[in-house]
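Chains as they are written, first to last, in this note's numbering: chain A, 4 to 242; chain B, 4 to 242. By construction, the Cβ of each residue, glycine as well, lies at the ideal position given by its N, Cα and C atoms. For reference, the structure is listed below as structure tokens.
Protein chains: 2
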Amino acid sequence: MPNPTAAMLVIGDEILSGRTRDANMHHLAGQLTETGIDLKEVRIVSDDHDGIVAALNALRAAWDTVFTSGGIGPTHDDITADAVAAAFGVKVDVRDDARALLAAHYAKTGAELNAARLRMARIPDGATLIDNPVSVAPGFTLGNVHVMAGVPSVFQAMVASVLPTLTGGAPLLSTSTRIDRGEGDIAGPLGDLAKAFADLSIGSYPFQKDGKFGANIVIRGQDKARVEAATAQLADLFS
Amino acid sequence: MPNPTAAMLVIGDEILSGRTRDANMHHLAGQLTETGIDLKEVRIVSDDHDGIVAALNALRAAWDTVFTSGGIGPTHDDITADAVAAAFGVKVDVRDDARALLAAHYAKTGAELNAARLRMARIPDGATLIDNPVSVAPGFTLGNVHVMAGVPSVFQAMVASVLPTLTGGAPLLSTSTRIDRGEGDIAGPLGDLAKAFADLSIGSYPFQKDGKFGANIVIRGQDKARVEAATAQLADLFS
Chain A
4 MPNPTAAMLV IGDEILSGRT RDANMHHLAG QLTETGIDLK EVRIVSDDHD
54 GIVAALNALR AAWDTVFTSG GIGPTHDDIT ADAVAAAFGV KVDVRDDARA
104 LLAAHYAKTG AELNAARLRM ARIPDGATLI DNPVSVAPGF TLGNVHVMAG
154 VPSVFQAMVA SVLPTLTGGA PLLSTSTRID RGEGDIAGPL GDLAKAFADL
204 SIGSYPFQKD GKFGANIVIR GQDKARVEAA TAQLADLFS
Chain B
4 MPNPTAAMLV IGDEILSGRT RDANMHHLAG QLTETGIDLK EVRIVSDDHD
54 GIVAALNALR AAWDTVFTSG GIGPTHDDIT ADAVAAAFGV KVDVRDDARA
104 LLAAHYAKTG AELNAARLRM ARIPDGATLI DNPVSVAPGF TLGNVHVMAG
154 VPSVFQAMVA SVLPTLTGGA PLLSTSTRID RGEGDIAGPL GDLAKAFADL
204 SIGSYPFQKD GKFGANIVIR GQDKARVEAA TAQLADLFS
């Protein structure tokens, strides 16, 4: 049975401008692979309402589960909650359960629950909250969409909260074999191997090191015996 | 005048599986920002023909220029040239000019120009070649789409070949100001600043360090005087 599928929507200008190098996508990709959920598509869009709505509607229609990161803080450029509500055609406003979480937190820290911080309690109708053990302001789940923070420590904590609620398939097993020959030399036999093991995914990732070409051949699949058999044949081919 | 826009399409399973952390997107984002071209959207898709065609057609219709990375090597999982041709509705086959480049190269190195390597000379009709000073096999430009390799050293060389052919706008200037206060404390005045400088982009990127919250406020714009004025007001607000 094929694994459940997922997509990720990264919201915010900081990666698109080259200011920040993505960390959340890489983290989520690894976690999903371990869980047996196939990450099939990632989109990165800027802080633009219509762009977020369009991307989210495309992704949630195409894949089983969607994870978003970014844009749920208190500042003017945090527009994700409103965009998600618009995508689902539901209302969004400060919700009592989220406000209570924030109120209890700021009562302890002594900071004021001002209008800006209250923005973080804006939750679309029908959503359930995602726990934020790092900085309290919750994420939320609406339909098949999990809306999470962009700060990596918070994002990772929210992923840890959400993943146990999802049903994964068989975890993907993989082997990686380094071949110190150019892809052009190995492509023919490798293509034949991929045909013989059509139930597996066989990828060739070329590299160049010290002026020499080589490739890492990654064999992925859910059936351990098949992955091992293909890996053994690969070793025989280019030994 | 607004800057020209761009999108990137990353093709291949290695980032989606968490095996590899992206490097090409980050490189391109920085180069485009310096050139005065706004990177507006990135999509990462797997080695799937229909998925590549759909993503490419959406991106090339929405933005001025599209850059792709990955999938133009000699192995069975390199399907980008065929997908690009399908997206444009043109034929693709081994082309004489590309074949000549490869033939001259392999004559020197002594490697055989076999069927697998010849795949790298498959160029869609109407495309112009992009020079590959690293490993010869060319990229190509078709319409507003620049198709480039996934190996970072080759990708970067191809970006360097293509960028001088594009007309950028005014390079984006930016300042980054670290505010050691939680976003909830600064969001109100920051929102007012963003309204007063609506011609600029003002982003707040929160961080958490040693248990304390803060934010880097990035102010971006093409007009140096405006960026400096906003940055000075920001400093006054939270000094």
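Let me know the secondary structure DSSP gives T170/B once reduced to three states.
Here T170/B sits in coil by DSSP.
Counting only C-beta atoms, is G21/A closer than 8 Å to chain B at any point?
So yes, G21/A belongs to the interface.
Does any residue of chain A bring its CB to less than 8 Å from the CB of Q211/B?
Yes, contact with chain A.
If you measure between the beta carbons of P127/B and A88/B, is that distance less than 8 Å?
Taking 8 Å as the Cβ cut-off, P127/B and A88/B qualify as a contacting pair.
Would you mind giving the Cβ-Cβ distance between G74/A and G153/A, rounded to the nearest angstrom? I have them listed as a contact below 8 Å.
Yes, they are in contact, since the Cβ atoms of G74/A and G153/A sit about 7 Å apart, within 8 Å.
Tell me whether T144/A sits in a helix, a strand or coil according to DSSP, three-state version.
Note: T144/A maps to strand in three-state DSSP.
Whether or not the stretch 169–179 of chain A and the stretch 97–106 of chain B are in contact is what I'm after, with contact meaning three or more pairs of Cβ atoms, one per stretch, closer than 8 Å; do they touch?
Touching, no, given that fewer than three Cβ pairs across the two stretches are closer than 8 Å.
Between which two residues does the beta strand (DSSP E) containing S177/B stretch?
It spans 176–182 - the beta strand (DSSP E) in which S177/B sits, taken as one unbroken run.
Mapping DSSP to helix, strand and coil, what is V137/A?
Coil at V137/A, not helix or strand.
Do you know offhand how far T23/B's Cα is from T36/A's?
Looking at the two C-alpha atoms, the distance is approximately 13 Å.
In whole angstroms, what is the alpha-carbon distance linking R125/A and F210/A?
Between R125/A and F210/A, the C-alpha separation is close to 47 Å.
Can you tell me whether G194/B is buried or exposed, with buried defined as 16 or more other CB within 10 angstroms of its CB?
Counting Cβ neighbours within 10 Å, G194/B comes out buried, since at least 16 surround it.
Can you name, in chain order, every residue of its own chain whose Cβ lies under 7 Å from the Cβ of Q236/A, other than the five neighbours on each side?
L196.
Hey, M11/B and L42/B: beta-carbon distance below 8 Å or not?
Yes, Cβ-Cβ distance for M11/B and L42/B is below 8 Å.
If you pair each beta-carbon of the stretch 144–151 of chain B with each one of the stretch 86–100 of chain B, do three or more pairs fall below 8 Å?
With the cut-off at 8 Å, the stretch 144–151 of chain B and the stretch 86–100 of chain B touch.
In this structure, what does DSSP give as the bridge partners for A245/B?
Residue coverage of chain B in this structure runs from 4 to 242, which leaves residue 245/B outside it and unanswerable.
Would you please verify whether the beta carbon of H149/B is less than 8 Å from any beta carbon of chain A?
Not an interface residue.
Which runs of the beta strand (DSSP E) spanning at least 3 residues fall entirely within the stretch 197–241 of chain B, listed in chain order?
Listed in chain order, they are 204–212, 215–224.
Closest to A232/B by C-alpha separation, out of D202/B, L121/B, K212/B, D188/B, would be which residue?
It is D202/B whose Cα lies nearest to the Cα of A232/B.
Looking at L31/B and F70/B, is the spacing between their C-beta atoms short of 8 Å?
Yes, these two residues count as a Cβ contact at 8 Å.
Report the option in D100/A, D51/A, H29/A, G21/A whose CA atom is closest to the CA atom of H29/B.
The option with the nearest alpha carbon to H29/B is G21/A.
Rounded to whole angstroms, how far is the Cβ of G187/B from the Cβ of R120/A, which I believe are closer than 8 Å?
Yes, they are in contact, since the Cβ atoms of G187/B and R120/A sit about 4 Å apart, within 8 Å.
In whole angstroms, what separates the C-alpha of S204/A from that of V221/A?
Roughly 8 Å between the two C-alpha positions.
Comparing the C-beta of F91/B with each C-beta of chain A, is any distance below 8 Å?
F91/B does not count as touching chain A.
Does A101/A come within less than 8 Å of chain B when only Cβ atoms are used?
Judged by the 8 Å Cβ criterion, A101/A is not in contact with chain B.
Please tell me whether S72/A and M151/A are closer than 8 Å, where the distance is taken between their beta carbons.
Yes, Cβ-Cβ distance for S72/A and M151/A is below 8 Å.
Rounded to whole angstroms, how far is the Cβ of L62/A from the Cβ of A86/A, which I believe are closer than 8 Å?
Contact doesn't hold; Cβ gap of about 13 Å is too wide.
So if I threshold CB-CB distances at 7 Å, which residues from the stretch 27–54 of chain B count as touching chain A?
Those residues of the stretch 27–54 of chain B that come within reach of chain A (Cβ to Cβ, closer than 7 Å) are H29, A32, G33, T36, L42, K43, E44, V45, R46, I47, V48, S49.
Roughly how many whole angstroms lie between the Cα atoms of P155/B and F216/A?
Distance between the alpha carbons of P155/B and F216/A: 13 Å.
Roughly how many angstroms separate the alpha carbons of A114/A and G171/B, rounded to a whole number?
Roughly 45 Å separates the two Cα atoms.
Can you name the residues that DSSP bridges to H79/B?
Its beta-bridge partners do not exist; DSSP assigns none.
Determine the contact status of S207/A and D80/B, defining contact as a CB-CB distance below 8 Å.
It is a contact, given that the beta carbons lie within the stated cut-off.
Keeping to the same chain, check which residues put their C-beta closer than 8 Å to that of I82/B; ignore five residues upstream and five downstream.
Same-chain partners within the cutoff: D50, H52, I55, G74.
Measuring only the C-alpha atoms, how far is V157/B from I47/A?
Answer to the nearest angstrom: the Cα atoms are 23 Å apart.
Could you give the DSSP three-state label for D53/B: helix, strand or coil?
Three-state DSSP puts D53/B in a helix.
Can you give me the C-alpha to C-alpha distance between S164/B and L116/A, rounded to a whole angstrom?
Answer to the nearest angstrom: the Cα atoms are 53 Å apart.
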